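Since the structure comes first, as structure tokens, the remarks are kept for the end.
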Amino acid sequence: MRPDDRKYLSSHEWIKINGDIATIGITDFAVEELSSGNEGDLVYCDLPELGRVLETGETFGEIESVKAVADLNSPLAGEVIEINSAIEDHLEILSQDPWDRGWMVKIKLSEKDSPELLDLAGYESSLEN
Amino acid sequence: MNKDTLLFEKSRPGHRTLRLGKLDVPAADLSLLPKGSLRTKAPVLPEIGELDLIRHYVLLSKKNISIADSFYPLGSCTMKYNPVTNEAVVQYPGLADIHPEMDAGRVQGALRIMKRLEDGLAGITGLPGVTLHPAAGAQGELTALLVANAHFEATGQTKRTKVLIPDSAHGTNPASAAIAGLEAVEIKSGKDGLVDLADLESKVGDDTAVLMITNPSTLGLFESKIAKIAEIVHKAGGLIYMDGANLNAIMGISRPADFGVDMMHINLHKTFSTPHGGGGPGAGPICVTDELTPYLPSPRVVEEEDGLRLDYNAPQSIGMLRGWPGNFGVLVRAYAYLRRLGAEGVKRVAENAVLNANYIRVKLNKAYHVPYDRMCMHEFVCNNKHQREKGVHALDIAKRLIDLGYHPMTIYFPLVVSEAMMIEPTETESKSTLDAFIADMLMIAEEAQSDPDKLHAAPVTTCVGRLDEGRAVREPKLRYACYKD
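Here you go:
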């Protein structure tokens, strides 16, 4: 079950806002598409440097599987204040728990909303198309 | 005995293929060589007898898979038959034993082949300026973007730095843009799998250098709005580059110049039947409009009253791209192929390539989901939608094909289709081969429902089974010494 406590992008990122700090990751769907259910197929994840200022929609990194490389896009603008370096050497975490332990970056928000953000129902209907 | 071991594992101390006699001439004076470059110990090389060595390589050669072994429907790669005639022609001493530095007067035949090949490619594309230099399709892309940069620089349009690329493109397109110092901007596909005009209009502008478009697209669809797309980009002052990877579907039928293309590359190793995929080097000539011709790489083959020669006098040229003007052996094969086909034959190639792809598509479109199920070009894309709930992925279907004696189709590309399987039969396959493949694909679809584990376990007939591709990327071991640890 996908959590309802956060917003989504149709490009399969999620963002969970807590005050002026937001945590960003990618959805189970993105992980499944990249890895076909084989957690060992994720091979590389490139995360941004601390202090980098991201615009809404800006590509902050990329994730690579044996099949494809995908951009990681920031749902909102803000400054990178923390990255989850634990996943860089253990990408299987993304398969096991994309919603919590598999978070990627935390940003200090400079903006609280964007027309691109979808709620859970909106994201799930985007998957059906 | 000889099974699946490396030469290093077969090595036994003292075994030899050849024993040299005693030195009976004066020894060379090694003091002339720099000290640091001299070995103090013999290198560790495998020691093995001649018969064991022969067996080793013959066994390896039997593991090779090529178009000469089996049907090879590797989408986007145009794995067509490589005629043996081409191989005979390229070994003529007048073609095999020459050097690019020889006097033009002694290699008129070779230069004529290059010129006639240029003429043929110009005729097929409608673009008169041709260079045979690029050694691969991707190098052709880069060459064209450098030509575009030179053109914009010469005309004072230095703000044109963006290259628009549809999301279904080959990954080489954005890579070429980056290497040419330009910025790739993605254009979305619409619901019909073609370029979304609204998205294109919103991104095109006075900073647009080039739109790189693959036509037919990697989904095997003809960009039916290509003339409109070209009009939009031209109006904004940009150039149209066509990735010619899929030229096999349209050559002799529609000329890219007629639908607005300014530059394109041609993969001789795909469309013009020269060996590839480990079987030989590539060649990616580009063809451009008259306006862009002065910027093409130097030297160019020119024909004058007293014969042909390589002309280095090209002040606006982007320069040399590589050591010599083209992979000559590949050019000869492509020219032999073109001459044997003739104008009518070229057209028949395209017609039969399209017919074969549609034949397979229509026979498989119930067992497999075909997202864009309409008349396709030389290839089509299906996926595992009907097999997914059994846990069967495109990879499993591809691996099962190996057990049935095929080289699998392209999988997981293009990225715009989830779990894509891209099938390109080419025109050189007979109907009976296509029917056998179709029957096997239908059997696999059955197995996916009745015995999915059979697919998960595949391949079982090969010397190694399912490889851990992820680990191979994360922890590559490329030398025997690493492998042993």
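As they're listed, the protein sequences go chains A and B.
To convert, note that position 5 of the first sequence is 5 in my numbering; the numbers rise steadily by one, no gaps.
To convert, note that position 336 of the second sequence is 465 in my numbering; the numbers rise steadily by one, no gaps.
Note that beta-carbon positions come from the ideal geometry of N, C-alpha and C, so glycine has one too.
Quantities reported herein were computed from a predicted structural model and do not represent experimental measurements.
Item, Value
"Secondary structure of D525(B), DSSP reduced to three states", "helix"
"C-alpha gap between Q286(B) and K364(B), whole angstroms", "15 Å"
"Three-way DSSP call (helix, strand, coil) for A472(B) in this model", "helix"
"8 Å Cβ cutoff, S370(B) in contact with chain A", "Note on residue identity: the sequence assigns Tyr, not Ser, to residue 370(B). Output row for Y370(B): interface = no."
"Through-space distance from L368(B) to N302(B), alpha-carbon basis", "15 Å"
"Distance CB(L350(B))-CB(M506(B)) smaller than 8 Å", "yes"
"Under 8 Å between C-beta atoms of V417(B) and L425(B)", "yes"
"Short CB-CB distance (under 8 Å) between D597(B) and chain A", "yes"
"Simplified DSSP assignment, three categories, for K112(A)", "coil"
"Nonlocal neighbours in the same chain, by C-beta distance under 6 Å from I253(B), ignoring five residues either side", "M380"
"Three-way DSSP call (helix, strand, coil) for A313(B) in this model", "strand"
"DSSP state of G300(B) mapped onto helix, strand, coil", "coil"
"Given 8 Å, three or more beta-carbon pairs between the region 95–104 of chain A and the region 135–151 of chain B", "no"
"8 Å Cβ cutoff, E33(A) in contact with chain B", "yes"
"Buried versus exposed, by CB contacts within 10 Å (16 or more), M130(B)", "With a pLDDT of only 41 at M130(B), under the threshold of 50, the placement of this residue in the model should not be trusted; the figure read from the coordinates follows. Per the 10 Å Cβ criterion, exposed."
"Cutoff 6 Å; reference M570(B); Cβ partners in own chain excluding five residues on either side", "L493"
"Contained alpha helix (DSSP H) runs [length at least 4] in the region 561–600 of chain B, N- to C-terminal order", "581–586"
"First through last residue of the alpha helix (DSSP H) which encompasses K191(B)", "179–192"
"Chain A contact for M130(B) (CB, 8 Å cutoff)", "Only weak support is given to the placement of M130(B): the predicted model assigns it a pLDDT of 41, under 50, and the value that follows is read from those uncertain coordinates. No, its Cβ sits nowhere closer than 8 Å to a Cβ of chain A."
"Within chain B, partners of V80(A) - CB distance below 8 Å", "Result: empty, since nearest Cβ-Cβ is about 22 Å, beyond 8 Å."
"Of the residues N344(B), I489(B), T555(B), D580(B), the one placed nearest A565(B), counting alpha carbons only", "I489(B)"
"M392(B), DSSP secondary structure in three states", "strand"
"Residue-level contact to chain A via CB, R600(B), 8 Å cutoff", "yes"
"For R469(B) and T214(B), believed in contact at Cβ under 8 Å, the rounded distance", "7 Å"
"Paired residues, beta bridge with C45(A) - DSSP", "I63(A)"
"Selected residue, minimal CA-CA separation from M393(B), among G223(B), M341(B), R168(B)", "M341(B)"
"Where the alpha helix (DSSP H) containing P222(B) begins and where it ends", "222–225"
"Straight-line Cα distance separating R241(B) from L437(B)", "7 Å"
"Cβ-Cβ separation, I21(A) to E13(A) (assumed contact under 8 Å), whole Å", "Not really, about 16 Å apart at Cβ, beyond 8 Å."
"Contact set between the region 114–125 of chain A and chain B, restricted to residues whose Cβ is under 7 Å from the partner", "none"
"Minimum Cβ-Cβ distance from L544(B) to chain A less than 8 Å", "yes"
"Start-to-end residues for the alpha helix (DSSP H) that takes in D328(B)", "326–332"
"C-beta neighbour in chain A for H522(B), strict 8 Å", "yes"
"Residue range of the alpha helix (DSSP H) that includes F29(A)", "28–35"
"Distance CB(G269(B))-CB(P414(B)) smaller than 8 Å", "yes"
"Reference P543(B); option with closest CA among T343(B), A496(B), T422(B)", "T343(B)"
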